[in-house]
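See below for the structure under consideration.
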Amino acid sequence: MRSLAFFSCLAIGATFPQAHAVEDSVLSSLAQDPQWLSMLHYDKVGVVKQVGSQIEDPNFFLSSEGQISAKAELLATYKAFTSKLSVQNPNESAQCRFPGRLAWLQAKLPDRDWVERSCSDFEEWRLQLDAEKIFLVFPAAYLNSPSSMYGHTLFRVKKHGNETPLLDYAVNYAANTDPEDNQLVFSYKGLTGGYPGVLSVMPYYQKVKEYNFLENRDIWEYELSLTPSEVDQFVRHIWEMKGTSMPYYFFSQNCSYQLLTMLDAASPRLNLASQFSIWAIPADTVREMKRQGVLDEANYRPSTLNKIQNMLAQVSPKQIELAKNLVEPETLDLSQLNQLSVVQQAQTLDVAYEYSRYLSARKKSTLSHLSSRSIKLLSLRSKLAAPKVFEAVEPPLIRDDQGHETARVGVAAESRNGRGYGVLDYRPSYHDVLDPKGGYLKGAELSMFGGSLRWSGSEQLQVNHFNFVNIHSMAPRNALMLPKSWHVNASLIRDITLEDELVFRLKGGAGVTQQIGQNSLLAFFWNGSASADNDYHDGYQLETGPQIKWIWNGEVSNLSSSYQYLFDVNRHNAERQEVKVDYSHTIAKGWQWRVGGQYSKTRDDEWGVTQLSVFHYF
Numbered sequence: 016m017r018s019l020a021f022f023s024c025l026a027i028g029a030t031f032p033q034a035h036a037v038e039d040s041v042l043s044s045l046a047q048d049p050q051w052l053s054m055l056h057y058d059k060v061g062v063v064k065q066v067g068s069q070i071e072d073p074n075f076f077l078s079s080e081g082q083i084s085a086k087a088e089l090l091a092t093y094k095a096f097t098s099k100l101s102v103q104n105p106n107e108s109a110q111c112r113f114p115g116r117l118a119w120l121q122a123k124l125p126d127r128d129w130v131e132r133s134c135s136d137f138e139e140w141r142l143q144l145d146a147e148k149i150f151l152v153f154p155a156a157y158l159n160s161p162s163s164m165y166g167h168t169l170f171r172v173k174k175h176g177n178e179t180p181l182l183d184y185a186v187n188y189a190a191n192t193d194p195e196d197n198q199l200v201f202s203y204k205g206l207t208g209g210y211p212g213v214l215s216v217m218p219y220y221q222k223v224k225e226y227n228f229l230e231n232r233d234i235w236e237y238e239l240s241l242t243p244s245e246v247d248q249f250v251r252h253i254w255e256m257k258g259t260s261m262p263y264y265f266f267s268q269n270c271s272y273q274l275l276t277m278l279d280a281a282s283p284r285l286n287l288a289s290q291f292s293i294w295a296i297p298a299d300t301v302r303e304m305k306r307q308g309v310l311d312e313a314n315y316r317p318s319t320l321n322k323i324q325n326m327l328a329q330v331s332p333k334q335i336e337l338a339k340n341l342v343e344p345e346t347l348d349l350s351q352l353n354q355l356s357v358v359q360q361a362q363t364l365d366v367a368y369e370y371s372r373y374l375s376a377r378k379k380s381t382l383s384h385l386s387s388r389s390i391k392l393l394s395l396r397s398k399l400a401a402p403k404v405f406e407a408v409e410p411p412l413i414r415d416d417q418g419h420e421t422a423r424v425g426v427a428a429e430s431r432n433g434r435g436y437g438v439l440d441y442r443p444s445y446h447d448v449l450d451p452k453g454g455y456l457k458g459a460e461l462s463m464f465g466g467s468l469r470w471s472g473s474e475q476l477q478v479n480h481f482n483f484v485n486i487h488s489m490a491p492r493n494a495l496m497l498p499k500s501w502h503v504n505a506s507l508i509r510d511i512t513l514e515d516e517l518v519f520r521l522k523g524g525a526g527v528t529q530q531i532g533q534n535s536l537l538a539f540f541w542n543g544s545a546s547a548d549n550d551y552h553d554g555y556q557l558e559t560g561p562q563i564k565w566i567w568n569g570e571v572s573n574l575s576s577s578y579q580y581l582f583d584v585n586r587h588n589a590e591r592q593e594v595k596v597d598y599s600h601t602i603a604k605g606w607q608w609r610v611g612g613q614y615s616k617t618r619d620d621e622w623g624v625t626q627l628s629v630f631h632y633f
């Protein structure tokens with residue numbers, strides 16, 4: 016009997032290392048599961064790929080090696096979830112800090128002896144959100160904010176049974192910027208990951224106010240096709256991410272990209288973030304979600320700017336002037352209002368109320384009475400028996416995510432003062448006024464780090480031009496609002512007045528834009544430019560002068576023409592005049608051809624450039 020007991024103990028003891036080896040093998044395999052890697056944010060994007068997790072906060076990891084080893088973090092997590100050691104505060108336990116990891120491991124290994132903890136903080140927060148569905152919110156591009164030029168995305172968490180979206184919660188990921196930084200520092204830090212990206216959960220009405228009012232952006236909302244279990248896992252992962260920061264990069268690890276990683280963490284069937292290896296443009300991330308079947312139909316929420324523009328198109332000039340007089344003077348005079356019909360009164364009060372809110376939201380008005388005036392106008396409007404006096408704003412025929420693809424490549428034949436060249440052009444993103452117009456801001460251009468190469472006969476391949484940044488905002492004015500029109504460009508270009516030398520040029524301008532009909536914009540700018548090259552007198556050239564620009568956008572064709580006069584501040588060439596005309600035509604989805612010409616003249620000489628090109632969007 017003693018011998019039998021001895022050999023039985025040996026046999027049982029021998030199973031311990033064997034069981035440990037099996038467990039280690041199972042966990043090693045799970046450590047490479049895509050969803051586990053997504054929960055740890057082991058995602059690779061950007062020009063320089065990061066090793067390990069994008070999260071650098073040590074509090075996010077249970078293992079000291081968790082930031083670089085997914086296996087080490089899984090082993091530490093498994094150990095914490097199965098440890099029966101008592102904890103002083105259950106809310107600080109691993110189970111309560113990482114409910115998403117716990118739910119995932121329990122689903123993968125249901126027969127393990129998992130230790131339960133009472134997570135009152137998480138449960139209270141979860142019940143506050145009371146998530147039933149998740150919506151993707153896509154505010155349109157906004158050129159006056161560097162971090163939002165390409166648009167922005169966030170989530171809306173719909174409460175069970177709630178039919179008032181403004182009472183839901185928003186989940187937003189954004190850079191935690193320093194308000195003291197100027198635009199140059201802001202851009203540098205945004206490009207190099209100098210700001211921490213922070214996830215926040217807040218009432219949705221706060222975000223709507225910010226995007227609809229303060230930045231005057233249209234908003235698109237899409238319901239996500241997630242199962243109830245995926246919604247629950249999404250909420251758990253958001254809890255895990257609260258208070259955690261990651262380096263924020265405007266072009267790669269940005270708001271839209273990180274939202275994709277959160278969805279990947281919530282569902283094993285999704286593979287969204289890995290589709291973006293270098294940069295992530297918000298519109299492109301929305302397209303990818305649509306491609307993978309995550310998005311349902313879209314709902315449109317027009318900006319305050321578009322609401323007012325829609326109202327102005329339906330009232331008389333007299334009503335518009337009266338609406339201004341109801342808002343701007345310190346003393347409210349209703350005598351002219353009472354002379355109108357009930358419908359006209361209602362229309363005028365609606366316009367005046369929206370105008371007063373627009374001025375208040377801009378925070379640049381010196382009118383101290385605006386807040387009380389808005390309340391008074393709303394009170395007067397509520398007393399009129401005319402519930403609906405305006406036709407609703409029509410949604411754009413093409414949504415922001417349905418426009419042309421943002422990357423573009425092209426080939427061209429070019430003649431510069433009689434000399435022929437072949438040109439290869441590439442633009443990683445985003446849009447110019449000659450591109451197909453659907454889904455993009457009217458009169459807007461935005462591109463960075465695009466350029467072209469040229470060749471001619473036996474000459475070597477040469478840089479034709481390179482844009483570091485090119486931004487144009489031709490925002491049309493109306494009877495109540497005068498938005499800024501401006502442009503800036505920093506590039507390497509061929510200066511034909513210097514025998515086609517490659518020079519660095521920084522130029523910009525400010526002005527006003529007027530809409531002409533439905534499809535045309537006419538803009539007036541005062542421009543300035545600074546160029547640098549050894550062939551200039553003193554190594555540089557400064558120019559300034561007026562420009563007039565007209566663009567027309569049709570369904571498949573676009574036309575742009577401009578004339579500018581530039582006075583040479585250095586008095587090298589004294590003055591320069593330039594006329595430019597370009598025409599584009601879409602020949603198929605994703606394909607376009609263009610023809611353009613430019614004529615330049617100084618006091619002593621003149622030059623001509625023509626180009627025929629074909630572009631493909633992808």
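Residues 16 to 633 (our numbering) make up the sequence shown, in order. All C-beta atoms, glycine included, are put in the ideal place defined by N, C-alpha and C. These numbers were taken from a predicted model, which means no experiment stands behind them.
Close beta carbons around residue i, own chain, < 6 angstroms, minus the five adjacent residues each side
i: Ser375; result: Leu385
i: Ser599; result: Leu449, Asn573, Gln607 and Arg609
i: Ser282; result: Glu245
i: Asn187; result: Leu169 and Ser215
i: Val309; result: Leu239 and Ser240
Residues bridged to residue i (per DSSP)
i: Arg591; result: Leu581 and Thr617
i: Arg171; result: Phe150 and Ala185
i: Trp541; result: Ala525 and Pro561
i: Asp440; result: Gly425 and Ser467
i: Val309; result: Its beta-bridge partners do not exist; DSSP assigns none.
i: Pro211; result: Pro262
i: Lys556; result: For the sequence presented, residue 556 should be read as Gln rather than Lys. The partner list for Gln556 (beta bridge, DSSP) reads Ser546.
i: Tyr445; result: Ser462
Local conformation of residue i per DSSP, three classes
i: Trp129; result: coil
i: Thr276; result: helix
i: Phe265; result: coil
i: Lys564; result: strand
i: Tyr220; result: helix
i: Gly458; result: coil
i: Asp48; result: coil
i: Val503; result: strand
i: Met489; result: strand
i: Gly435; result: strand
i: Arg520; result: strand
i: Tyr226; result: helix
i: Arg232; result: coil
i: Trp622; result: strand
i: Tyr373; result: helix
Buried/exposed call for residue i, threshold 16 Cβ in 10 Å
i: Gln360; result: buried
i: Thr207; result: exposed
i: Glu429; result: buried
i: Lys99; result: exposed
i: Thr179; result: exposed
i: Glu406; result: exposed
i: Tyr210; result: buried
i: Thr625; result: exposed
i: Ala156; result: buried
i: Leu395; result: buried
i: Asp619; result: exposed
8 angstroms CB neighbourhood of residue i in its chain, flanking five on each side removed
i: Met16; result: Because the pLDDT at Met16 is just 48, under 50, the model does not fix this residue reliably, and the value given afterwards should be weighed accordingly. So the list is empty, once near-sequence residues are dropped.
i: Glu621; result: Tyr614 and Ser615
i: Thr97; result: Arg127, Asp128, Trp129 and Val130
i: Tyr264; result: Gly61, Gly205, Leu206, Thr207 and Gly208
i: Gly252; result: The amino acid occupying residue 252 in the given sequence is His; Gly does not appear at that position. Once the five neighbours on either side are set aside, the close Cβ partners of His252 are Met54, Gly115, Met277, Ala280 and Ala281.
i: Asp365; result: Met326, Arg396, Val404 and Phe405
Proximity winner among the options, relative to residue i (alpha-carbon distances)
i: Trp523; options: Phe540, Lys457, Leu507 and Ser467; result: A small fix is needed here, since residue 523 is Gly in this sequence, not Trp. Gly523 has its Cα closest to that of Phe540, out of Phe540, Lys457, Leu507 and Ser467.
i: Ser43; options: Ile70, Leu90, Ser68 and Ser628; result: Leu90
i: Val223; options: Ser271, Gly209 and Ser318; result: Ser318
i: Lys94; options: Glu590, Thr192 and Arg116; result: Arg116
i: Ser383; options: Asp48, Pro344 and His56; result: Pro344
i: Ile83; options: Glu107, Ser101 and Ala46; result: Ala46
i: Met496; options: Val404, Phe153, Lys322 and His480; result: Lys322
The ligand FMN heavy atom lying under 8 angstroms from the CB of residue i
i: Gly532; result: Judged by which ligands are present, the structure shown has none, so any question about the ligand FMN falls away.
Close-in-space but distant-in-sequence residues of the same chain around residue i (CB under 7 angstroms, 5 per side omitted)
i: Asp515; result: Arg431 and Arg509
i: Phe75; result: Thr259
CB contact below 9 angstroms: residue i versus chain D
i: Ala87; result: Absent here is chain D; the protein component of the structure consists of one chain.
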